[in-house]
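What follows is a set of notes on a single structure, which appears directly below.
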Amino acid sequence: MKATDIILEGLAKFPDSSLLSCGLAWDHVLAASLGFDEKPDEHWRMASELEAKVLPRANLGPDARKSCLWSSVYVSAHEGNFDLSLRRADEVIALSPGDAFLIGDLSSAARFSGLTDKAIERAEYGLRNDPNFADYYLVMKANALTDIEKYAESAALITKASDFLITVPLLRAINDVHLGKTDDARSEVLKALAMQPWLKATRWRDMTFHINPAVIDRQVADLVAAGLPTK
6 MKATDIILEG LAKFPDSSLL SCGLAWDHVL AASLGFDEKP DEHWRMASEL
56 EAKVLPRANL GPDARKSCLW SSVYVSAHEG NFDLSLRRAD EVIALSPGDA
106 FLIGDLSSAA RFSGLTDKAI ERAEYGLRND PNFADYYLVM KANALTDIEK
156 YAESAALITK ASDFLITVPL LRAINDVHLG KTDDARSEVL KALAMQPWLK
206 ATRWRDMTFH INPAVIDRQV ADLVAAGLPT K
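Just add 5 to wherever you are in the sequence shown, counting from 1, and you've got this note's numbering.
Next up, the structure:
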C-alpha cells in the first residue's frame, strides 16, 4: 500500500516517531480487517507489537495516543480481550467527544461485546452528525442487527449502500441466506470475489469479531452456504 510505503519512509528518518508508528499500526489493522491481502496474522501481530511499544511512552502526544488507542480497539477484539476493547473505545471517545466519524466507527466496539443498543446509538450519532459518510454508518448499524439475527432490518439499511468495503457484499450475502434469497446471496459473494479472488469464508474471522463465538461461526457458515470457498 502506498500509505504504508510513505510511513515506512518516514520511520526510516524518524524511528522514534510515535505518530508514524501509530499510523503504521493502523495500516496493519486495516489490511487485516478489510481483506487487503492474504496475511492477516502478520498484520494483527505487527499492529499489536507497535501499540505495545508506543502506548506506554510517557511523552506520548494527544494525536498519537488517540490513533493508537483507536487501532487497539480492533486489535484487542481480535485477541479476544473484549473488556479492553470496550475500555479503549471509551478512552478514545473521551479524547474526542464530538468526533462523529470516530464515534460512528466505534459502534463496532460495542457490537463486538454484544452491546447492540450502544452500537446502534453510536452508528446513529454518526448518521446525524456526519451525513457525508452515511453509507459507512448504515453498515455499522446493519452489522449490529445481523449479529442479533434481524436480517430483514439489516438488509433494508444497506440495500443501496455502495460496495466501498469488501465486507458490504459479504454482509448482504449473510442477510440474503436467511431471507431465502439464495441467488442474491451468491451474486453478492461473486462481487466480493471480484474484489479479492483469493477470498475464503474463514477470512470473515479476521474481518469481524464477537464476544459470542457462535455469532461468527454462524456467519462463516452463511458465507459458505452463499458459495464463498472454504479453501
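From the three backbone atoms N, C-alpha and C, an ideal C-beta is built for every residue, glycine too.
Since the model is a prediction, treat every value here as computed from it, not as a measurement.
- By the Cβ-count criterion, THR213 is buried, with 16 or more other Cβ atoms from all chains shown falling within 10 Å of its own Cβ.
- Rounded to whole angstroms, the Cβ separation of ASP32 and ALA17 is 15 Å, and the two are not in contact under 8 Å.
- From the listed residues ALA115, ASP104, LEU55, the smallest Cα separation to ALA149 is found for ALA115.
- With contacts defined by Cβ atoms closer than 9 Å, GLU193 and ALA166 do not form a contacting pair.
- The shortest C-alpha to C-alpha distance from THR151 to any of GLU129, LEU176, ASP135 is the one to LEU176.
- Across the structure, LYS236 and TYR79 are spaced so that their CA atoms are roughly 25 Å apart.
- Annotation for SER72: the continuous alpha helix (DSSP H) segment containing it runs 67–83.
- When secondary structure is reduced to three states using DSSP, PHE214 falls in the coil class, being assigned neither helix nor strand.
- Of LEU170, PHE138, ALA206, LEU132, the smallest CA-CA separation from MET200 is found for LEU170.
- For the pair LEU184 and TYR142, the CB atoms are not nearer than the 9 Å cut-off.
- Closest in alpha carbon position to ALA57, among SER101, PHE19, ALA30, is ALA30.
- Per DSSP, reduced to three states, the secondary structure at SER192 is helical.
- Shortest Cα-Cα distance from LYS196 to any of ASP211, ARG210, VAL173, ASN180 involves VAL173.
- A distance below 9 Å separates the beta carbons of ARG208 and GLY40.
- ASP140 sits close to ILE163, with the two beta carbons spaced by under 9 Å.
- Classified as buried, LYS146 has 16 or more neighbouring CB atoms from the shown chains inside 10 Å of its CB.
- Between the C-alpha atoms of VAL229 and ILE153 there is a straight-line separation of about 19 Å.
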